[in-house]
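**Q**
Numbering (the working numbering), first residue to last: 8 to 127.
1. How would you write the range of the beta strand (DSSP E) that residue 88 sits in, first residue to last?
2. How far does the beta strand (DSSP E) with residue 78 in it reach, from first residue to last?
3. Indicate the three-state DSSP secondary structure (helix, strand or coil) for residue 61 in the structure shown.
4. In or out: residue 90 buried (at least 16 other Cβ within 10 Å) or exposed?
5. Pull up the distance between the alpha-carbon of residue 84 and that of residue 97, whole angstroms please.
6. Among all the DSSP beta bridges, which residues are the ones paired with residue 104?
7. To which residues of the same chain is residue 93 closer than 6 Å at the C-beta, ignoring the five residues directly before and after it?
8. How many Å lie between residue 86 and residue 53 at the Cα?
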């Protein structure tokens with residue numbers, strides 16, 4: 008009887024742990040980001056706006072993965088320079104800190120890179 012009880016407890020703990028992990032990972036609240044001080048301010052060249060980069064659902068990452076500088080007159084995007092009190096990074100002279108959001112549609116969601124390549 009004692010062995011059966013131990014096995015039941017172990018199985019229950021595995022189930023509870025697996026369920027907890029599933030609930031936490033699918034909650035949508037656990038997006039990874041850098042702590043304050045690393046990417047506090049976005050800087051873009053003059054004439055640029057802040058373009059939000061859309062990702063597939065569940066994608067998590069730092070601020071720079073979600074925003075680029077966009078120049079509407081040239082239709083080109085550039086990487087922003089991110090500054091914060093914990094870094095030695097300085098924006099180039101004349102660049103705009105925290106530019107306005109672009110008035111254009113964001114980039115489309117990229118295809119899922121984990122698709123099954125064996126199926127046609």
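Where a beta carbon is used, it is the ideal one built from N, C-alpha and C, also for glycine. None of these values were measured; they are calculated from a predicted model.
**A** Reading it off the structure:
1. Translated into positions along the chain shown, residue 88 becomes position 81. Note, residue 88: beta strand (DSSP E), 88 to 90.
2. Position 71 of the chain shown, counted from the first residue, corresponds to residue 78. 74 to 78 is the span of the beta strand (DSSP E), which, as asked, contains residue 78.
3. Looking up residue 61 in the chain shown gives position 54. Coil.
4. Here residue 90 is taken as the residue at index 83 of the chain shown, counted from 1. Buried, since its Cβ has 16 or more Cβ neighbours within 10 Å.
5. By 1-based counting over the chain shown, the position of residue 84 is 77. By 1-based counting over the chain shown, the position of residue 97 is 90. Those two C-alpha atoms are separated by around 20 Å.
6. Indexing the chain shown from 1 puts residue 104 at position 97. According to DSSP, residue 104 bridges with 50.
7. To locate residue 93, count along the chain shown from 1; it is residue 86. Answer for residue 93: 44, 45, listed in chain order.
8. Against the chain shown, residue 86 aligns to sequence position 79. Against the chain shown, residue 53 aligns to sequence position 46. Each residue's alpha carbon lies about 13 Å from the other.
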